[in-house]
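Taking it in order: structure first as structure tokens, then the write-up.
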Amino acid sequence: MAFPKNSFILVFLLICSLSWNAWAKVDMTMEENVEVYLGDLADIPCQYVFSEQPRAVMIQWFVRNPGSSSRERIYYGDNTQQIVDDGTDFTGRITVSDIGDQEGVLLTIQDVQLTDEREFFCQVNGMAAGNGEGKTHIRVFDPPEAPVIEGVHAGISVTNELPSRIASCEARNGFPRPNITWYRDSSPLTPTHGQINVVTLVTRESSGFYTVQSELQYKVAKEDKDALFSCEVSYYVPGGVRTAKSKGINITVHFPTTIIELWKESPQGLVKEGDTVELRCQGDGNPPPPFTFNREQEQETVLEASDDTLVLREVIRGNSGVYQCRSLDLDTYEEVTGDMQLTIHYLDPAVVVPKDSEILLKGESLTATCNALSSLETATVWFKNGQQVGTGHMLFLQDATYDTAGEYVCEVTVPSLPGLHTSGSVHIIVQGAPQMKDADREVEMDEGAGKWVNLSCEAHAHPLPTISWTVTGSQSWREVLTRATEHSTISVVSVKVTSDITAFCNSTNDIGTETKSFSIRATEGNGVIIVVIILCILLLAILGSVLYFLHKKGKIPCGRSGKQEITKENPNKDDIVVEMKTNTKTEDAGLLKGVNGDKNGTSDQYMELRK
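Numbering (numbering that gives the first Met the number 0), first residue to last: 0 to 610.
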């Protein structure tokens with residue numbers, strides 16, 4: 000077969016080109032991976048260096064088809080043209096540009112999709128200068144949604160032999176596939192045979208995203224009742240790994256009761272008779288088991304209670320004792336008991352000796368006692384008429400007088416329990432002869448003649464005395480009041496003073512008599528003297544008025560001869576002199592002295608009137 004002349008030339012050139020390429024070299028530089036978020040721009044640089052300067056450079060970009068080794072061209076370019084291939088997944092989304100001052104090109108992919116995670120090949124052909132190829136793997140990332148955890152609602156028993164389902168966790172729509180890790184409080188949980196199982200389900204959505212579901216199976220213990228379980232999702236991002244943690248959840252753990260506590264809820268402090276007592280029972284199991292109550296000495300008798308509470312109303316000392324609370328675990332059929340000592344404190348009524356009342360002779364002594372049986376230490380105080388007269392359970396009454404008589408009350412209290420108190424009393428009667436105040440001293444008084452005087456007498460004694468009066472010196476007297484109290488008799492008489500009087504108050508009972516005397520001295524009445532003085536003053540005033548009137552009429556001339564004279568010689572209308580001379584008895588002089596203030600007694604007295 001003959002070849003055209005030109006064909007030989009082409010063959011020669013091809014052989015020359017091949018022989019030249021045998022020693023020509025191109026250095027290719029490309030990144031192994033380019034990481035980018037879904038929807039962002041991806042830049043893939045392709046740098047090359049020829050050992051010989053090429054006359055022309057042809058560049059092509061290829062992409063590996065998913066799930067196969069075949070390639071698909073997506074771009075072609077040389078010195079004359081640049082073509083983006085039609086009909087590919089990148090048509091309309093890629094551009095190729097030069098890399099600044101370096102030899103090479105930059106492939107830019109817009110709106111990166113999940114399907115863009117592939118290998119991209121850059122081929123450079125410099126003809127005789129050589130050719131080369133490099134590749135870059137695009138990695139696409141999209142964070143998943145926040146993890147959602149859901150715990151089981153039913154209680155989980157610690158008696159289960161195998162790990163129980165605790166919770167589930169889901170992380171949706173992530174790329175690449177996220178991972179889930181479980182935590183108890185802050186400690187990660189790793190699968191352990193017979194203790195911890197983690198079941199993971201990975202789903203590739205039609206959108207290309209991954210959804211991961213994880214279930215935690217865990218063998219619970221009593222200590223897990225307060226633990227918080229959570230899940231954490233870890234996912235890749237450009238340049239690293241990030242995590243997101245779910246909220247913590249608490250699970251309900253069922254465990255048998257091993258300890259029961261029984262205590263007194265109310266009242267606070269010590270308990271006394273009459274109180275209402277509330278006992279509470281609590282076990283450490285979950286759920287709380289049913290409780291039954293009984294007294295230790297009466298174990299066969301179940302006390303009526305409400306759930307975990309036993310109420311004892313109006314307790315008495317007989318309710319004291321050891322109370323028990325019992326629980327039967329329905330899983331293990333083991334019985335657990337808790338108990339407590341309940342003491343009911345009491346204070347019996349006070350017993351006073353002597354009882355009710357006691358009679359003492361005047362001057363005698365007595366010791367009274369007051370005792371009340373109590374479960375606690377007591378304090379005793381004695382009162383009479385509301386006033387404290389003694390402390391302690393014994394009261395000493397010495398050398399009794401009538402003031403000793405009366406009712407004595409002892410009050411018994413319990414200092415450590417103020418609600419407990421009681422009291423008792425004894426009535427003391429003091430017997431003896433009548434006794435009157437100041438009976439050994441005579442009562443003396445001065446009273447005006449004609450007046451009525453009240454004399455009173457009070458006698459204390461038991462038996463109650465009677466009072467009689469003896470009055471000498473006056474026939475006019477009468478008893479105006481007589482009154483008897485529990486311990487005394489009072490008598491009042493009214494006596495008219497006509498002369499000196501002596502009166503005796505006689506107080507008598509079965510044991511003796513006592514007398515009190517009164518002495519009344521009659522005096523002149525001061526009223527008569529006052530009347531005389533007033534009459535004298537009036538007479539003097541009238542006399543002065545008459546003399547002044549006569550002098551004005553010129554009918555009475557007066558001299559200083561020491562006598563009363565009336566003369567017509569040398570009358571002086573301007574002077575009137577009146578001379579009075581009296582020589583009366585001492586009583587009259589006294590009257591004048593009281594009026595005029597003169598200290599001369601019975602000497603002559605003068606009155607001078609001048610105008």
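Ideal Cβ placement from N, Cα and C applies to all residues, glycine included.
DSSP puts T300 in a beta bridge; with which residues? Note: T300 sits in no beta bridge, so no partner.
Can the beta-carbon of E71 be found less than 8 Å from the beta-carbon of N64? It is a contact, given that the beta carbons lie within the stated cut-off.
Which of helix, strand or coil does DSSP assign to L375? Correct three-state label for L375: coil.
beta-carbon I248 near the ligand PLP non-hydrogen atom, thresh 7 Å: As for the ligand PLP, it is missing from this structure, which has no ligand bound.
May I ask you to list the residues that DSSP assigns as paired with I93? Note: I93 sits in a beta bridge opposite I108.
By the 10 Å Cβ neighbour count, where 16 or more other Cβ atoms means buried, how is W451 classified, buried or exposed? exposed
Less than 8 Å between the CB atoms is what I'm expecting for V236 and P142, so what's the real figure, rounded? 7 Å
Pick from L534, L546, M444, G125: whose alpha carbon is nearest that of R520? M444
Hey, how far is the Cα of G273 from the Cα of I315? 6 Å
Could you check whether the segment 381–390 touches the segment 455–462, counting it as contact only if at least three pairs of C-beta atoms, one from each stretch, sit closer than 8 Å? Segments in contact, no.
Per DSSP, what kind of secondary structure is D225 in: helix, strand or coil? D225: helix per DSSP, three-state reduction.
Please report the distance separating the alpha-carbon of T336 from that of V276. Each residue's Cα considered, the two are about 20 Å apart.
Under a Cβ-count criterion, where at least 16 other Cβ atoms within 10 Å of its own Cβ denotes burial, should I343 be classed as buried or exposed? buried
How long is the line joining the alpha carbons of N571 and K552, rounded to whole angstroms? A caution first: N571 carries a pLDDT of 44, below 50, which makes its placement in the model unreliable, though a value can still be read off. Taking the straight line from one Cα to the other gives about 12 Å.
Using the Cβ count rule (16 or more neighbours within 10 Å means buried), how would you classify N159? exposed
When you compare the CB of T481 with every CB in chain C, is at least one pair closer than 8 Å? In summary, chain C is missing from the structure at hand, where a single protein chain is found.
Cβ neighbours of L394 in the same chain (closer than 6 Å, five flanking residues each side left out): A367, W381
E295 and G320 closer than 8 Å at C-beta: yes
If you count every other CB in all the chains shown that lies within 10 Å of the CB of Q323, and 16 or more means buried, which is it? buried
CA-CA distance, P146 and M57? 50 Å
Going along the chain, which unbroken runs of the beta strand (DSSP E) with 3 or more residues stay wholly within the segment 174–236? 178–183, 186–188, 195–203, 209–217, 228–236
Expected contact under 8 Å - CB spacing of G103 and Y182 to nearest Å: For G103 against Y182, the beta-carbon gap comes to about 48 Å, at or over 8 Å, which does not count as contact.
Examine the Cβ distances between the segment 534–541 and the segment 499–514 and report whether three or more of them are shorter than 8 Å. no
Contact between the segment 351–369 and the segment 289–304: three or more CB pairs below 8 Å? no
Compute the distance between the beta-carbons of V252 and G154, then report whether it is under 8 Å. Yes, the pair counts as a contact, with Cβ atoms nearer than the cut-off.
Closest residue to D499 among S518, K134, V151 (Cα-Cα distance): Nearest C-alpha to D499: S518.
Where R316 falls: helix, strand or coil (DSSP): helix
Return the first residue and the last residue of the beta strand (DSSP E) that I58 is part of. 57–63
When DSSP labels each residue in this structure, what does G273 get in the three-state scheme? Looking at G273 - three-state DSSP - the assignment turns out to be coil, as it is neither helix nor strand.
Apart from the five residues on each side of it in sequence, which residues of its chain come closer than 6 Å, Cβ to Cβ, to K218? P162, Q194
G133 bridges to which residues according to DSSP? C121
Would you grab the beta carbon distance between V411 and S422 for me? Rounded to a whole angstrom, and I think it's under 8 Å. 7 Å
Under 8 Å, with one C-beta from each stretch per pair, do the segment 230–247 and the segment 262–271 reach the 3-pair mark? no
Counting pairs of Cβ atoms below 8 Å between the segment 224–231 and the segment 165–180, do you hit three or more? yes
Proximity of R138 and E118 at Cβ, strictly below 8 Å: no
Minimum C-alpha distance to L106 - residue among I82, G129, G86: I82
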